[in-house]
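Take a look at the structure set out below.
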Amino acid sequence: MFGNKNKKEVSEEAVMAALSTVIEPELHRDLVSLNMIRNLKIEGQDISFTIMLTTPACPLKGRMEGESRAALAQVPNLGQITINWDSNVPTDRRIGSQVGQNFRNTIAVSSGKGGVGKTTIAVNLAISLAKEGARVGLLDADILGPNVPMMMGVDQMPSPRDRKMVPAERYGVKMISMAFLVKPDQPLIWRGPMLHSAISQLLTDVAWGELDYLVIDLPPGTGDAQLTLAQVLPLTGAIVITQPMQVAASDALRGLKMFEKLEVPIIGILENMSGDFFGTGAGQKLATDYNQHYLGAVPLDANVRVGGDSGEPIVVAHPDSAAAMAIRDVARGIAARVSVLNLGSKDANFIPISMIG
Ligand SMILES: Nc1ncnc2c1ncn2[C@@H]1O[C@H](COP(=O)(O)OP(=O)(O)O)[C@@H](O)[C@H]1O
Ligand SMILES: [Mg+2]
Numbered sequence: 113m114f115g116n117k118n119k120k121e122v123s124e125e126a127v128m129a130a131l132s133t134v135i136e137p138e139l140h141r142d143l144v145s146l147n148m149i150r151n152l153k154i155e156g157q158d159i160s161f162t163i164m165l166t167t168p169a170c171p172l173k174g175r176m177e178g179e180s181r182a183a184l185a186q187v188p189n190l191g192q193i194t195i196n197w198d199s200n201v202p203t204d205r206r207i208g209s210q211v212g213q214n215f216r217n218t219i220a221v222s223s224g225k226g227g228v229g230k231t232t233i234a235v236n237l238a239i240s241l242a243k244e245g246a247r248v249g250l251l252d253a254d255i256l257g258p259n260v261p262m263m264m265g266v267d268q269m270p271s272p273r274d275r276k277m278v279p280a281e282r283y284g285v286k287m288i289s290m291a292f293l294v295k296p297d298q299p300l301i302w303r304g305p306m307l308h309s310a311i312s313q314l315l316t317d318v319a320w321g322e323l324d325y326l327v328i329d330l331p332p333g334t335g336d337a338q339l340t341l342a343q344v345l346p347l348t349g350a351i352v353i354t355q356p357m358q359v360a361a362s363d364a365l366r367g368l369k370m371f372e373k374l375e376v377p378i379i380g381i382l383e384n385m386s387g388d389f390f391g392t393g394a395g396q397k398l399a400t401d402y403n404q405h406y407l408g409a410v411p412l413d414a415n416v417r418v419g420g421d422s423g424e425p426i427v428v429a430h431p432d433s434a435a436a437m438a439i440r441d442v443a444r445g446i447a448a449r450v451s452v453l454n455l456g457s458k459d460a461n462f463i464p465i466s467m468i469g
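Be aware that the sequence shown starts at 113, since it is given in my numbering, and climbs by one per residue.
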């Protein structure tokens, strides 16, 4: 050895033993048995390693880093510790075989009725996940009221290539909408079979590329489009949005019940437009009453609406505002819940982890 001969080298066993006492807070298992510690390098007293997360939007990075450093403080002679981060989003394996696309997860954004901020949340959620480094697509499945392009500030898609539609790209998100295919003044009347083929096409005839998350803006209500989507595409989970007043909760409940019937897992309930004007609480109460996960609340803020109208969503226009930070936290919570749902499912494929035993 060339280094200081008076100091003992740190052993790999000692480092791994220390890290095996650190518990992943969402998955409730230790970092070593989850195979999340990669690329451990020891140079004399100094070590470096990578923590492989299940999402780049992990809300608990800081906590895991703190706990890892605390655990490593027990290892004698340890010098500098460098922690790197990487992620490998688990795959919902049902998706690829059914639509022939490389989507690791599909997240439906829904509400019992219109006007509760479904499109607003879908757009800001997609951008937030992309900002964290995930590969994100946004499918506007609101065939009758396709508002995603306006909120994203895009009015057309690129020319098709190899007989496939090419998604528009903005703020790091790939996006497709029925609005690209019809004229704005053309009335849209869809019957069941047409709806089915329209939604199918937006999924299969598009060169989406590989995506960690496909976010889907569903039409309001509990009708044909929801049913069609659940038939055409396996959904990793659905988010149900409610407004904060108690009278709104019954609409959201209908949405909740519909997904239960369709056997689509509920990622969680989100309260939008929360605050002094509409009050607060319906989201949390609904989650508690029906034993669902509560994702948090996004405040009522005029800048959210301005962002939607101007095509520059609040997480882009005012990323440090309370509303944008609430959406960012909700997005991280959703990503974490998707990992948990996926890892608990027999259909999930996350190579680094064996959940058996
Ligand atoms: N948190 C919020 N604060 C203020 N305005 C909001 C908020 N969320 C949504 N809005 C506005 O409310 C209106 C309806 O939202 P939208 O996303 O179109 O609802 P939906 O898709 O459910 O019909 C839009 O004008 C939007 O900008
Ligand atoms: Mg909408």
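Idealized CB from N, CA, C, for every residue including glycine.
Start-to-end residues for the alpha helix (DSSP H) that takes in D252: Taking the sequence shown and counting its residues from 1, the one referred to as residue 252 is at position 140. Careful: D252 lies outside any alpha helix (DSSP H), inside the beta strand (DSSP E) at 248-252.
N236 beta carbon less than 8 Å from that of P425: The residue labelled residue 425 in the question sits at position 313 within the sequence shown. The residue labelled residue 236 in the question sits at position 124 within the sequence shown. It is a contact, given that the beta carbons lie within the stated cut-off.
Among R247, I135, K243, L256, nearest to P431 - alpha-carbon criterion: The count along the sequence shown starts at 1 and reaches residue 431 at position 319. Ranking the options by Cα distance to P431, first place goes to K243.
Option nearest Y406 by Cα separation, candidates L184, I381, S422, P356: Here residue 406 is taken as the residue at index 294 of the sequence shown, counted from 1. Ranking the options by Cα distance to Y406, first place goes to I381.
Segments assigned beta strand (DSSP E), at least 3 residues, entirely inside the region 155-182: Those beta strand (DSSP E) runs which fall completely within the region 155-182 and span 3+ residues are 158-165.
Any non-hydrogen atom of ligand 2 within 7 Å of G257 CB: Stepping through the sequence shown from its first residue, residue 257 is reached at position 145. Checking every heavy atom of ligand 2 against the Cβ of G257, one is found closer than 7 Å.
Buried versus exposed, by CB contacts within 10 Å (16 or more), L204: Residue 204 sits at position 92 when you count from the first residue of the sequence shown. In the sequence on display, residue 204 carries Asp and not Leu. Result: buried.
Status (buried if at least 16 other CB within 10 Å, exposed otherwise) for Q213: Residue mapping note: residue 213 aligns to position 101 of the sequence shown, counting from 1. That one is buried.
Buried or exposed (CB count within 10 angstroms, at least 16 for buried), T348: Counting from 1 along the sequence shown, the entry for residue 348 is found at position 236. So T348 counts as buried.
DSSP three-state assignment for R275, whether helix, strand or coil: If you number the sequence shown from 1, residue 275 lands on position 163. It is coil, neither helix nor strand.
Contiguous alpha helix (DSSP H) assignments of at least 4 residues, all confined to the region 398-450: 414-422, 426-429
Euclidean distance between Cα positions of Q157 and R181: The residue given as residue 157 occupies position 45 in the sequence shown. The residue given as residue 181 occupies position 69 in the sequence shown. One alpha carbon belongs to Q157, the other to R181, and they sit about 15 Å apart.
beta-carbon K225 near ligand 2 non-hydrogen atom, thresh 7 Å: Counted from its first residue, the sequence shown places residue 225 at position 113. The answer is no for K225.
Cβ contact (3+ pairs, closer than 8 Å) linking the region 356-368 and the region 384-398: Touching, yes, given that three or more Cβ pairs across the two stretches are closer than 8 Å.
Alpha-carbon to alpha-carbon, V211 and P464: To locate residue 464, count along the sequence shown from 1; it is residue 352. To locate residue 211, count along the sequence shown from 1; it is residue 99. For P464, the predicted model reports a pLDDT of 40, less than 50, meaning its position is unreliable; a value from the coordinates is still stated below. Their backbone Cα atoms lie some 25 Å apart in a straight line.
E179 versus Y402, P137, L256, residue with shortest Cα-Cα distance: Against the sequence shown, residue 179 aligns to sequence position 67. The residue with the shortest Cα to Cα distance from E179 is P137.
Local Cβ density within 10 Å of K286, reported as buried at 16 or more and exposed below that: Here residue 286 is taken as the residue at index 174 of the sequence shown, counted from 1. Looking at its Cβ environment, which holds 16 or more other Cβ atoms inside 10 Å, K286 is buried.
Rounded distance between the beta-carbons of L341 and D254, thought under 8 Å: Against the sequence shown, residue 254 aligns to sequence position 142. Against the sequence shown, residue 341 aligns to sequence position 229. No, D254 and L341 are not in contact; Cβ-Cβ is about 11 Å, not under 8 Å.
Among I163, H140, M306, the one whose alpha carbon lies nearest that of D54: Residue 54 is absent from the structure shown; the chain starts at 113 and stops at 469.
heavy atom of ligand 2 below 7 Å from D274 C-beta: Residue mapping note: residue 274 aligns to position 162 of the sequence shown, counting from 1. For ligand 2, not one heavy atom lies less than 7 Å from the Cβ of D274.
V428 and Y283 closer than 8 Å at C-beta: The residue labelled residue 428 in the question sits at position 316 within the sequence shown. The residue labelled residue 283 in the question sits at position 171 within the sequence shown. A contact, by the Cβ cut-off of 8 Å.
When I311, D317, Q313, A291 are compared against R275, the one with the closest alpha-carbon: In the sequence shown, residue 275 corresponds to position 163, counting from 1. Cα-wise, what sits closest to R275 is D317.
Inside the region 331-379 only - alpha helix (DSSP H) runs reaching at least 4 residues: 336-344, 358-373
Rounded straight-line distance, which links the Cα of S132 to that of S145: Here the question's residue 145 lines up with position 33 in the sequence shown. Here the question's residue 132 lines up with position 20 in the sequence shown. If I take the Cα positions, the gap works out to 7 Å.
Cβ contact (3+ pairs, closer than 8 Å) linking the region 217-226 and the region 183-194: no
Distance between L251 and A414 (C-alpha atoms, nearest Å): By 1-based counting over the sequence shown, the position of residue 414 is 302. By 1-based counting over the sequence shown, the position of residue 251 is 139. Near 25 Å, if we compare the C-alpha coordinates of L251 and A414.
Three-state secondary structure (DSSP) of E125: To locate residue 125, count along the sequence shown from 1; it is residue 13. If DSSP states are grouped into helix, strand and coil, E125 belongs with the helices.
Cutoff 8 Å; reference A183; Cβ partners in own chain excluding five residues on either side: Start at 1 with the first residue of the sequence shown, and residue 183 comes out as number 71. The answer, listed in chain order, is A130, L131, T133, V134.
Cβ shell of V452 (< 7 Å), same chain only, five flanking positions each side left out: Counted from its first residue, the sequence shown places residue 452 at position 340. Closer than 7 Å at Cβ, skipping near neighbours: E138, L139.
Bridge partner(s) assigned by DSSP for F215: Here residue 215 is taken as the residue at index 103 of the sequence shown, counted from 1. In DSSP, F215 forms a bridge with L323.
L152 in three-state terms, based on DSSP: Sequence index remark: in the sequence shown, residue 152 carries index 40 (1-based). Looking at L152 - three-state DSSP - the assignment turns out to be strand.
Contact check, F390 vs L368, beta carbons under 8 Å: Indexing the sequence shown from 1 puts residue 390 at position 278. Indexing the sequence shown from 1 puts residue 368 at position 256. Taking 8 Å as the Cβ cut-off, F390 and L368 do not qualify as a contacting pair.
Residue environment, K117, which counts as buried when at least 16 other CB atoms sit within 10 Å: Counted from its first residue, the sequence shown places residue 117 at position 5. Low local confidence applies: a pLDDT of 49 at K117 is under 50, so the model's placement there is unreliable, with the coordinate-based value given in what follows. Its Cβ having fewer than 16 others within 10 Å, K117 is exposed.
Span separating the alpha-carbon of K173 from that of Q338: Your numbering for residue 173 matches position 61 in the sequence shown. Your numbering for residue 338 matches position 226 in the sequence shown. Each residue's alpha carbon lies about 35 Å from the other.
Pair within 8 Å by beta-carbon distance, P279 and M269: In the sequence shown, the residue the question calls residue 279 occupies position 167. In the sequence shown, the residue the question calls residue 269 occupies position 157. Against a cut-off of 8 Å, the Cβ pair of M269 and P279 comes out as a contact.
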